[in-house]
Each structure stands twice: as structure tokens, then as C-alpha cells.
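Have a look at the structure below, then the notes.
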Amino acid sequence: MVRIDGKGNGTALVRVRNLDKKYVRGTEEIHVLQGLNLDVDAGDFVAFMGPSGSGKTTLLNLLGGLDLPTSGSITVAGDEITKLSAGSLTSWRARHVGFIFQLYNLIPVLTAFQNVELPLLLTKLSKAERRKHVETALAVVGLTDRMGHFPRQLSGGQEQRVAIARAFVADPTFLLCDEPTGDLDRKSADEIMEIIDRLVREHGKTVLMVSHDPRAAERARFVLHLDKGVLMEAAKAGAGT
Amino acid sequence: MKSFRLVWANLRRKKVRTTLAIGSFAVALFLFGLLAAIRMGFRGGADAAGANRLAVINRVSLILPLPLSYRDRLMKVPGVAAVTYASWFGGVYQDERNFFPQFAVDKDTWFDVYADNVVSPEGRDAFMKDRQACLVGRALAKRFGFKVGDRLPLRGTIWTGNWEFNVVGVYDGNRPEADTSGMFFRADYLEERRAYGKGTVGYYVVKVGNPDDAVRVTKAIDALFENSPFETRTQTEKAFAASFAKQMGNVELLIMTIGSVVFFTLLLVTGNTMAIAVRERSGELAVLKTVGFSDRRVLGLILAEAVLIAGQGGFIGLALAKLVIPRLSRALPMLGVLYVSPLTFAAGFVLAIAVGAAAGLLPAIGAMRLRVVDALRRI
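Residue numbers (the numbering used here), protein chains in the order written: chain A, 1 to 241; chain B, 1001 to 1379.
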């Protein structure tokens, strides 16, 4: 269940209250997010849509602990991340968040296997355990036969699949996707959305996704519209359940 | 270190740039090895100098002689345990390019004072018996292939004419870096044949019984010959060797200046290389931070890269220096015994690592402070 009225009962996985984010550029103050409230339950798949500059990516960065709000609070699985120090926030991110970016953001000098393994380097898993986890993740995205390939040897769709595997290999609490299909052709975009959809349906992952693509957003269980920093409405998508 | 693969992969990202950076460290450390070896070569005499030996030279100049009669008077100075003397010969073997130092020494006392010139008992015996005997250093013997039984002809430049010597032994040093590039022969042979300068010696070496008496003995010797036609200047052998080396100019200062400039330049060049590398990878560093790499870990990754470049380059440069410098030493004997000691190797390696770390520090701090959202926005 997703609510934007700030009246959730406190059992939500993600709880956002009165979130404000302002930027100052020169003498100009830009109010990116204004008094935003949000409750997302575990296992939900939420898409944020809205025009450019509406604050979608800023909201995603705040939810992922990459940025700090001007005011308000964000609580994820009981941790109020807006009160964490920078160091604690980094380790929290390693345990709880998987990021998927529009431009994949793979490390070009590492193979698909090594890219997926990156988050596991921060854990206490042995080499053999890491290998097992990486192979499983790559199998889920259908790239077992490409694990030794470098990003330049993969297509855009394959690169994004590697990025998805990297995002969930450490079993994070939720996945944050920033325009995951924005750089892909239709077919590849559908394949990527199918994988994300499966992660929600079959693996019980919670996904919060920013997208301009209505077809991608259709997959989400809930679609929220963000305009001028305000969550305007909530709508139930037609598919993805 | 689990992240080592990432560090290694990043080093291989721009192979030409990494190779050039490693190469600049290699060249700098080779130069360091060479300068350190030359410095040691010049200081060799000073380092080998005994704390209980004093050199007595003519007060006016090292090239002016002292009377042989001073020997007995020196022996009588309280605190003096032994006295020996030597004279620079300056002969030419076959060609002037074949320079090596030759000294006429007192056969009876030289080895009492210079126990660090190690000669076999047979060699010493033969030296005592044969007026034309000479002892060649191990390095000199190797350089020209001299062996016991050879005749060694020299063309005199101070005392002209052809001089012939019999090689009766090879002397070694008591340290690996000891200078064994010279030759000793008997002063009585020189005395007998030379046309002028009879009854004089180049300089005296006085051995004091107790090194603590050195200052007192020094003053006593100079006071003894004050106001005589041959006033003396007595100094520790270390100071004597250092002043001998200084005749070539302040080599040490020159070497230190060159070395400092090279390392400062290296610091700037490597620092710039690392800064460019970090700037190019700001997006990737942001991704690492996004997946949970801490600021310190990112700092460590960049520093590790810089140190690995420095370490590899440093090792290659020093290894080359160790390999090449002894050959260079044989080709340019006037520079003395050039030798990259284990201490020089270790010091050079530590220096390379320190310069690498210093060069990587600012870019690494920049990477550590990188804000993820800003860097991701730039991708």
C-alpha cells in the first residue's frame, strides 16, 4: 500500500514526512521538494512520474541516502536515515539500497562478474560465497554466459541487466531505479522491466522507480505524479500485480 | 585486500599513461641510485676512515711534501701508537684513460696502520722481500686482468721515466663497498729511483692509541712543527678524505640539489597524473560510494594506485641501477667505486613510496570528498 497523505500507520517500510529540499544557486532559492509525505510498504513497486525538473531524481537520491533534505524525515525499515552521519549513511546504503541508473554506470575496467561482485566486497562473505551470489544474480538476469565480458563487449540492455544484478546481489531492503529504460530501445526496455517486475513478484523486492516512460510505469503497482516538488496524486497502474 | 583487483584494473585502464608514470619513477630512482652511488664513491674514503687515524699534511697545500725526518718526531708525540706515510705517484698505465690511484707506501708500517687493507700472508711476505713489489686492489686486478706474477709498467708523470713493478698480491677491503681500485708499491723503491724530492713524503698517517686523544694529539703535532719550514695541518682521516673529495667541488650539494629537483618534479608530475585520473573517474567513484564504499576506502583506493605506480617504478629503477652502476663504475674508474648498497636500495624504495603517497594524497582527498549527487549529475 502506498499513501501520500502522511497518515500511514507506521508499519510502512519507507516513511517520508514533511520532506523539503531547497537548492541555492547564486541568489536564487530553488524549492525542489515541498512538504512531501510518503508511505511505501515492503514488496511494493512504485513509479514516480513527472516532467523534467519536478524533483523525481532528488527524491530518489534522498530516499537512497545520497543527499540530505533541508527539513523533514525519512525512515526506512525503522532507521531514520536523515539523522545518520555520513559514514553511517554509507554503510546503511551498502546494506539496504540497490541502485539502478539510466546510464548503467558499470565500471568499464571490470568484467560483468566483477561489477556485480562490487557490493559484496563490503561484506564478510568468503570468495566462494561471493562467487555463488554473483552467479545466482547473473542467472536471474540471464547473463550467466556473459560474466567474463567487459561492459564495452555488452549491448545496452545487457549492461543494464548487469547493473540490475549488481543492485540486488547483496539482497538490499529496496531497489531505487532512476530511469532504468531511458537509454534503451523498446525491446530492451521491455526486457529490463520484465526483470524488475519479476524481482518484485517472485523475490518480494520493494522497488521505487523514476521514469518518463509510461510503458515502464505501467508495470508498477502504484504510480505517483510529482510536479513542482509536490506529490500530486496516486494512481493504481493497470498491470504489474 | 579485496579491492586490490579494482586498483589493479584501474592501473591497466590507461596503459600508456600508467607505463609513462611508472617509467618516470623508474628514471628518477635510477638517477637516485646513481647519485647515491657517486656520493658514496666520493665519501668512500671518509666512510672508510678510521676514527683513530689522523692525516698530517703540509699546511700550505696537500700537494707539497713533508720531510721524511718527521716520522721519528711524530712517533714521540704522546698518544701516538703508529706512524706511516704515503706519496702520490701519478703514473700512467698504457694510456691516460686507464687512470687508477698509485701510492708509494712504507712497507714496514703501512699494514700496521691500515689493517683494513686485507692481503694474504704470502702477498705481504713477497711485498717485504721484493723492492719492486706492488699490491693491486681487487677491483683494479679485475679491471685490467692483473694477477700475481705479472709485470706492471707505469710511465711516471711526476717522476718521469718508465717504472716497472711486480704484482705480488691482491688486496681486498673489509667492506663490500671498500675502494680496491688502487695500487700500492714500496716507498724505498721510489726513494731510490726518483731524481728529486728525496727525503720527503706526501703525507703521514698517524694512528692514535685512544680515539678520545685525537684532538689533543692533533694540536700537539701542529704545535710541534709550528714556525718550521714545513708546518703541518693535522686532521682526522675522515676530514682529510672529505677535503680530498672536495677538491672536485661540492659534489654532495650538487647531488642533493639535483636529487631534490628530480623528486619535486616527480611529485608534481605524478600528482597531476593522479588528479587527471581521479577527475576522469569521478562518475565511477560516485558509483562506488553509492554501492557503499566509504570515503576512507575510496581514499585508500586512490592512494594504493599512486603507491603501486611508485613502487613498481621505484623497484625497476633501483634494480636497473644495481645492475648497471657497477658496469659504469668499471668504465669510469675516476668516479671511484660505485655501488648501490642494500641501504641505498631500501632508502630509495621507501622514498619512491613516500613520493607516490604524497603525490596521490591530494587527488585521493578530492576523491574522498566527492559528493555523490554532484558526480552522478555530471555523468
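The beta carbon of each residue, even a glycine, is placed where N, CA and C say it ideally should be.
* **With 16 other Cβ atoms within 10 Å as the buried cut-off, status of GLN1094/B** => exposed
* To do: Identify every run of the alpha helix (DSSP H) within the region 116-168 of chain A, keeping only runs that are complete inside it and at least 4 residues long; order them along the chain.
  => 127-140, 156-168
* Asked: Does THR82/A get closer than 8 Å to chain B when you measure Cβ to Cβ?
  -> no
* Leaving aside the five residues before and after ASP67/A along the sequence, list all residues of the same chain whose C-beta is less than 6 Å from its C-beta, in chain order. => ASN61
* May I ask you to list, following chain order, the residues of the region 1286-1302 of chain B that have a beta carbon less than 9 Å from some beta carbon of chain A? => ALA1286, VAL1287, LEU1288, LYS1289, THR1290, VAL1291, GLY1292, PHE1293, SER1294, ASP1295, ARG1296, ARG1297
* Alpha carbon of VAL1217/B to alpha carbon of ILE1022/B, nearest angstrom -> 54 Å
* To do: Starting from the N-terminal side, write out each stretch of the beta strand (DSSP E) that is 3 residues or longer and does not extend beyond the region 1206-1248 of chain B.
  => 1232-1236
* To do: Just the C-alpha distance for LEU208/A and ILE107/A, rounded to the nearest angstrom, thanks.
  => 24 Å
* To do: Go through its chain and collect everything with a Cβ distance to LEU1224/B's Cβ below 7 Å, but skip five positions before and after it.
  => ARG1073, VAL1077
* What span of residues does the beta strand (DSSP E) with ASP1179/B cover, start to end? -> Segment: none, ASP1179/B is in no beta strand (DSSP E) and carries neither H nor E.
* Please check if any C-beta of chain A sits within less than 8 Å of the C-beta of LYS1002/B. => yes
* In the DSSP assignment, what are the bridge partners of MET209/A? -> ALA47/A, CYS177/A
* Rounded Cβ spacing between LEU1285/B and ALA1359/B (contact assumed at less than 8 Å) -> Not confirmed; about 18 Å, so no contact.
* Give a yes or no on whether the minimum CB-CB distance between LEU1006/B and chain A is below 8 Å. => yes
* Asked: What residues from the region 102-116 of chain A come within 7 Å of chain B, judged by C-beta to C-beta, listed N to C?
  -> LEU103, ASN105, ILE107, VAL109, LEU110, GLN114
* Establish whether the CB of VAL1372/B and some CB of chain A are separated by less than 8 Å. => yes
* Asked: In the DSSP assignment, what are the bridge partners of ASP79/A?
  -> VAL76/A
* Between the C-alpha atoms of ILE1255/B and ARG166/A, what's the straight-line distance to the nearest angstrom? -> 54 Å
* Asked: Where does SER1282/B fall in DSSP's three states?
  -> helix
* With a Cβ-Cβ cutoff of 8 Å, do PHE1345/B and LEU1318/B count as a contact? -> yes
* **C-alpha gap between GLY1283/B and LEU103/A, whole angstroms** => 11 Å
* Where does LYS22/A sit, in a helix, a strand or coil, going by DSSP? -> strand
* To do: Compute the distance between the beta-carbons of ILE1057/B and THR1232/B, then report whether it is under 8 Å.
  => yes
* Stretch-stretch touch, CB-based, cutoff 8 Å, three pairs: the region 1161-1172 of chain B with the region 1128-1141 of chain B -> yes
* Asked: Cβ of LYS22/A within 8 Å of Cβ of GLU29/A?
  -> yes
* Asked: When the cut-off is 8 Å and only beta carbons count, does GLY1283/B lie next to chain A?
  -> yes
* Runs of alpha helix (DSSP H) lying entirely within the region 1048-1104 of chain B, each at least 4 residues, in chain order -> 1070-1075
* What are the boundary residues of the alpha helix (DSSP H) that TRP1110/B is part of? -> 1110-1113
* Asked: Who pairs with PHE1165/B in a beta bridge, going by DSSP?
  -> LEU1152/B
* Beta carbon of SER1087/B, beta carbon of GLY1182/B: below 8 Å? -> no
* To do: Note down, in chain order, every chain B residue with its Cβ under 8 Å from the Cβ of PRO119/A.
  => VAL1291, GLY1292
* **Inter-residue CB distance, SER1003/B and LEU121/A (contact presumed, cutoff 8 Å)** => 6 Å
* Proximity test, Cβ basis, 8 Å: ALA137/A and chain B -> no
* Asked: Do you know whose CA, among GLU80/A, GLU194/A, VAL116/A, lies nearest GLU159/A's CA?
  -> VAL116/A
* Asked: Of the residues that make up the region 1008-1021 of chain B, which ones have a beta carbon closer than 8 Å to any beta carbon in chain A?
  -> ALA1009, ASN1010, ARG1012, ARG1013
* Residue closest to ALA1195/B, alpha-carbon to alpha-carbon, out of ALA1214/B, VAL1119/B, ASN1162/B, VAL1205/B -> ASN1162/B
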